[in-house]
Every structure is written in C-alpha cells, then in structure tokens.
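S.K.: Convert by adding 3 to the 1-based position in the sequence shown; the result is the number in the working numbering.
For glycine and all other residues, C-beta sits at the position ideal for the given N, C-alpha and C.
Structure in structure tokens, see below.
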Amino acid sequence: MPLVPSYIKNLANYVAGKPIEEVQRELGLSKIIKLSSNENSLGPSPRALAAIRLAMDKIHRYPDANGYMLRKKLADKFDVKIENVVLGAGSEGIMSSIMRTFLLSDDEIISAENSFIGFRVLANTTGKTIHWVPMKNYRYDLESMAAKINEYTKLIYIANPDNPMGTYIKRDEFDEFYAHVPERVLIILDEAYFEYASLIQDYPDSMTYRYDNVITLRTFSKAYGLAGARIGYGFAHDELISNLMKVKVPFEPSYLGQVAGYAALDDSQFLDETIKLNKIGMEYLTSELSNLNVQYIKSVANFITTVWESNEQAAKLTQALLEKGVIVRHLTAFGWPKCIRISVGLIKENVRCIESLKHALFDSIEKG
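Listed below in structure tokens is the structure:
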C-alpha cells in the first residue's frame with residue numbers, strides 16, 4: 004500500500020500570485036503595485052486595524068473556539084440565529100470542514116471546470132469522483148451541471164460571482180437550477196465578492212431566501228481588506244452548522260482575525276469607499292481596455308479578466324508588466340492560459356497598469 008494516496012501525489016501545488024517582496028528580490032524594483040490577488044488596495048478596514056492594535060496584548064491567550072462574539076454579530080446583522088453561523092480561516096477553511104464533515108466514501112462532487120482554484124485543490128484532495136463541467140461563455144453552465152446530478156451526488160459548488168471570470172448567476176437561473184437539485188445534495192454558494200455584486204438587481208443574494216441544503220460562504224478578505232487575517236464565515240441550517248462546528252479546526256479563526264472581523268462589520272464608511280473606488284476603477288479599466296481593442300470579460304467583482312490571442316502572448320504581457328513593476332495574474336493555473344486577470348486598484352495604480360500595458364503592447368508590435 005503506497006504511503007501517499009495517488010490523488011494527493013498527483014496533485015499540483017497551489018501557486019499564489021507573486022508577493023511584492025518576491026518581485027523586489029527578483030527584479031530589484033522599488034515601486035511595485037500588486038494587482039494579481041483581488042485584494043483591497045485601500046488597505047484594511049481602519050476600525051479593524053484599530054481593534055487589532057488594542058487586542059495585541061492578549062494574543063498569548065487562545066481565541067474563543069466557538070467565536071461567539073463574531074458569530075452573534077453576524078447573526079444579528081443578517082437576521083439569523085447564531086446556530087446558523089460558522090467561522091473559518093477564510094472561506095476555504097470552511098470548505099475544507101464541509102468536505103470532511105459531509106462526504107462519504109461513494110459521494111461525488113459537481114462544479115464548473117476552471118472556476119475558483121482554491122475549491123478545485125480542496126476537492127481533489129478528497130479522492131472523490133468530481134464532475135468538472137466546462138463553462139459556457141465564461142459562465143457556469145447550470146443546465147449541464149444539473150444533468151450531471153445522479154444518485155451519488157452529494158456536493159455542488161458554485162462561486163457567485165465567479166473567480167476568475169467575474170461573471171455571475173442570475174436569480175432566475177439559480178432558481179431554475181435549484182429545482183433539479185435533490186434535498187440530500189448540499190450546495191455551496193461561495194459569495195466571496197458579494198459586496199461588489201450585491202447592488203445588481205438580478206443577483207441572487209442567498210440570504211434573502213434560505214434553503215436547508217444551501218451553505219452560503221462569505222469572507223472579510225476582499226471588501227473589508229482583511230486577506231492577511233484569514234477570516235471567513237458561512238450561513239446554513241442549524242443542523243449543518245452544528246456538525247461543522249464539531250469538525251472544524253479548534254481555535255480557528257485566530258483571535259486577531261475574530262477581533263478584526265467584529266470591528267470591520269461596523270465600518271460602513273470604509274465599505275462604501277471600497278465599493279465606490281471599485282466602481283470608478285472598473286469604469287476606467289473597461290474604457291481604456293476598449294480603447295486598446297483588448298477583449299475582456301464583463302465583471303461584477305473587483306477584478307477584470309482580459310482575453311488574448313494565445314498563451315504565449317498572455318505570458319509575454321504578464322512578464323512585460325512584471326518588469327515594469329505591475330503584478331497581474333496569468334491564469335494558466337486556473338485553466339485559462341489565454342487570460343490575464345487584473346485586480347482593480349487605486350486610481351493611480353489603475354492608470355499605471357494601463358500605461359504599462361500600452362507600452363508592453365507597443366513594444367510587442369515593434370518587435371513583431
């Protein structure tokens with residue numbers, strides 16, 4: 004019997020976007036902007052930052068393993084019971100707990116091919132049969148996903164909005180899909196970019212209608228600027244949550260993460276500024292990309308994915324931007340080798356990105 008299961012041994016490592024410090028070491032650049040990981044360029048919520056500073060002298064203590072204060076605050080904010088709320092180290096932490104809690108030996112998983120890479124990695128570690136359904140026009144093909152449901156189906160994952168495409172499933176589309184899903188099948192609705200999409204009229208905010216077999220996942224990493232704190236949360240039927248609480252890693256999330264999340268929920272001014280800045284940045288980027296005749300996918304998140312003629316062109320442009328101190332994400336690892344994802348940054352960062360792209364495109368034409 005092998006020491007390492009084949010489905011683990013053959014698993015590719017997750018490759019994150021390059022950190023600023025790594026680019027500084029490799030290229031010797033001092034002025035670098037990172038637009039590769041969909042982080043909040045405004046920084047962290049000021050209220051969360053202040054709360055962390057006040058809490059620093061208590062980090063010698065373990066955090067509340069049940070996360071009572073933050074769970075209670077989330078319950079009050081979203082008008083549910085505390086028994087309907089779970090916390091994790093980012094939404095991925097909760098996804099991992101879901102798989103360890105509910106998947107049995109013969110259970111199968113369904114999701115979109117080349118959607119959120121974090122889920123793909125976690126799903127592949129289970130060794131289960133997974134039906135990866137190709138996207139259609141850069142969107143989840145719910146009709147084809149519904150056709151894959153069988154007697155072994157236990158878990159369906161939907162990122163809404165999707166990462167890395169930025170597209171979303173409409174309310175009527177989800178309702179039609181849900182009609183095909185048996186009650187015994189769990190649906191994970193990953194709404195990591197909920198705050199950016201929530202104002203869209205036909206976006207299906209899952210908190211406005213609850214189903215017993217739907218688990219909603221959200222995070223403080225994006226709009227609240229707390230990616231480094233690793234704090235996510237989920238909503239579901241109390242029976243699902245009670246079992247997740249048994250399985251989740253003890254003392255997760257961290258004390259500082261819980262403190263930061265609690266304070267961030269009160270920082271409505273920062274959230275409003277974040278949404279406003281993202282709207283301005285998205286309008287600028289789409290306008291400039293259109294002027295450059297660059298194909299892009301319309302996004303409702305805080306990033307925009309561009310589509311190029313070939314993997315070679317996308318790789319060369321990514322490297323050219325990197326050498327100019329602009330970090331973007333070539334989506335080869337996601338399964339989109341012709342695509343480059345650009346996170347919306349500060350106004351000056353967006354301008355620098357576009358100017359650098361113009362130079363890179365001009366240089367490629369000159370060399371061609």
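Quick one: measure Cβ to Cβ for R233 and D205, integer angstroms, because I've assumed they're closer than 8 Å.
M.R.: Numbered from its first residue, the sequence shown carries residue 233 at position 230. Numbered from its first residue, the sequence shown carries residue 205 at position 202. Not confirmed; about 32 Å, so no contact.
S.K.: Once you ignore the five residues that flank Y65 on each side, which residues in its own chain have a CB closer than 7 Å to its CB?
M.R.: Counted from its first residue, the sequence shown places residue 65 at position 62. The answer, listed in chain order, is F254.
S.K.: Out of curiosity, what's the CA-to-CA distance linking A54 and N305?
M.R.: Residue mapping note: residue 54 aligns to position 51 of the sequence shown, counting from 1. Residue mapping note: residue 305 aligns to position 302 of the sequence shown, counting from 1. Between A54 and N305, the C-alpha separation is close to 26 Å.
S.K.: Would you check if the stretch 198 to 215 and the stretch 69 to 77 touch, i.e. whether three or more CB-CB distances between them fall below 8 Å?
M.R.: With the cut-off at 8 Å, the stretch 69 to 77 and the stretch 198 to 215 do not touch.
S.K.: Should the stretch 162 to 170 be called in touch with the stretch 136 to 148, which here means at least 3 C-beta pairs below 8 Å?
M.R.: Verdict: yes, contact present.
S.K.: Do F180 and A2 have their beta-carbon atoms positioned less than 7 Å apart in this structure?
M.R.: An answer regarding residue 2 cannot be provided, because it is not within the stretch 4 to 371 covered by the chain.
S.K.: Reducing DSSP to helix, strand and coil, say where D208 ends up.
M.R.: Translated into positions along the sequence shown, residue 208 becomes position 205. Looking at D208 - three-state DSSP - the assignment turns out to be coil, as it is neither helix nor strand.
S.K.: Taking 7 Å as the threshold (C-beta atoms), are I343 and T321 in contact?
M.R.: In the sequence shown, the residue the question calls residue 321 occupies position 318. In the sequence shown, the residue the question calls residue 343 occupies position 340. Cβ distance < 7 Å, so T321 and I343 count as in contact.
S.K.: State the CB to CB distance for the pair A226 and T277, rounded to an integer number of angstroms; the pair is presumed to be in contact (CB under 8 Å).
M.R.: Within the sequence shown, numbered from 1, the residue matching residue 226 stands at position 223. Within the sequence shown, numbered from 1, the residue matching residue 277 stands at position 274. A226 to T277, Cβ: 5 Å. Contact.
S.K.: Start and end of the alpha helix (DSSP H) containing G91?
M.R.: Indexing the sequence shown from 1 puts residue 91 at position 88. Here G91 belongs to no alpha helix (DSSP H); instead the beta strand (DSSP E) covers V88 to G91.
S.K.: In chain order, what residues of the same chain have a beta carbon less than 8 Å from the beta carbon of N314, not counting five sequence neighbours either side?
M.R.: Here the question's residue 314 lines up with position 311 in the sequence shown. Here the set comprises T335, P340 and K341.
S.K.: Following a CB-centred definition, is G348 positioned closer than 6 Å to any heavy atom of the ligand GTP?
M.R.: Inclusion of the ligand GTP in the displayed structure is not the case, the ligand content being empty and no account of it being possible.
S.K.: Give me, in chain order, the residues of the same chain whose beta-carbon lies closer than 6 Å to that of E42; leave out the 5 immediate sequence neighbours on both sides.
M.R.: To locate residue 42, count along the sequence shown from 1; it is residue 39. The answer, listed in chain order, is A230.
S.K.: Residue range of the alpha helix (DSSP H) that P23 falls in?
M.R.: Numbered from its first residue, the sequence shown carries residue 23 at position 20. Inspection of the sequence shows that residue 23 is occupied by Ile rather than by Pro. Per DSSP, I23 belongs to the alpha helix (DSSP H) from I23 to L30.
S.K.: Residues in its own chain within less than 7 Å of M210 by CB, not counting five upstream and five downstream?
M.R.: The count along the sequence shown starts at 1 and reaches residue 210 at position 207. Cβ neighbours of M210 beyond the five flanking positions: F81, T219 and F238.
S.K.: Do the CB positions of L125 and S99 come within less than 7 Å of each other?
M.R.: As a position in the sequence shown, residue 125 is number 122, starting the count at 1. As a position in the sequence shown, residue 99 is number 96, starting the count at 1. Cβ distance < 7 Å, so L125 and S99 count as in contact.
S.K.: Could you check the C-alpha separation between V83 and V217 for me, to the nearest Å?
M.R.: Reading the sequence shown from its first residue, position 80 is the one you call residue 83. Reading the sequence shown from its first residue, position 214 is the one you call residue 217. Each residue's alpha carbon lies about 14 Å from the other.
S.K.: Do S48 and D270 have their beta-carbon atoms positioned less than 7 Å apart in this structure?
M.R.: Reading the sequence shown from its first residue, position 267 is the one you call residue 270. Reading the sequence shown from its first residue, position 45 is the one you call residue 48. Yes. Within cutoff.
S.K.: By the DSSP assignment, the beta strand (DSSP E) with G284 in it spans what residues?
M.R.: Working through the sequence shown from its first residue, we reach residue 284 at position 281. Not the beta strand (DSSP E): G284 falls in the alpha helix (DSSP H), residues S271 to N294.
S.K.: DSSP beta-bridge partners for S114?
M.R.: The count along the sequence shown starts at 1 and reaches residue 114 at position 111. According to DSSP, which records beta bridges pairwise, S114 is partnered with W135.
S.K.: Looking only at C-alpha atoms, which of F223, V250, Y196 and G284 sits nearest to V262?
M.R.: Stepping through the sequence shown from its first residue, residue 262 is reached at position 259. Ranking the options by Cα distance to V262, first place goes to F223.
S.K.: Would a check of beta-carbon distances place D208 closer than 7 Å to chain D?
M.R.: Here there is only one protein chain, and chain D is not present.
S.K.: Shortest alpha-carbon distance to A51 belongs to which of G348, C356 and Y265?
M.R.: Counting from one through the sequence shown, the residue named residue 51 turns up at place 48. Cα-wise, what sits closest to A51 is Y265.
S.K.: By DSSP, does S48 sit in helix, in strand, or in coil?
M.R.: Mapped onto the sequence shown, residue 48 falls at position 45. Three-state result, S48: coil.
S.K.: Determine whether the beta carbon atoms of Y214 and P164 lie at a separation below 7 Å.
M.R.: As a working note, residue 214 is residue 211 in the sequence shown. As a working note, residue 164 is residue 161 in the sequence shown. No, they are not a contact pair.
S.K.: Go to V262, then tell me how far its alpha helix (DSSP H) extends in each direction, as first and last residue.
M.R.: Residue mapping note: residue 262 aligns to position 259 of the sequence shown, counting from 1. Run containing V262: Y258 to A267, per the alpha helix (DSSP H) assignment.
S.K.: Just curious, the beta strand (DSSP E) that G121 is in, first and last residue?
M.R.: For the purposes of this step, residue 121 is taken as residue 118 along the sequence shown, with counting starting at 1. Taken as a continuous stretch (DSSP letters only), G121 belongs to no beta strand (DSSP E), being part of the alpha helix (DSSP H) at I120 to N127.
S.K.: Look at T156 and N246 and say whether their C-beta atoms are less than 7 Å apart.
M.R.: The residue given as residue 156 occupies position 153 in the sequence shown. The residue given as residue 246 occupies position 243 in the sequence shown. Not a contact, by the Cβ cut-off of 7 Å.
S.K.: What number of angstroms, rounded off, separates the C-alpha of S33 from the C-alpha of V250?
M.R.: Translated into the one-based positions of the sequence shown, residue 33 becomes position 30. Translated into the one-based positions of the sequence shown, residue 250 becomes position 247. Straight-line Cα distance between these residues: approximately 44 Å.
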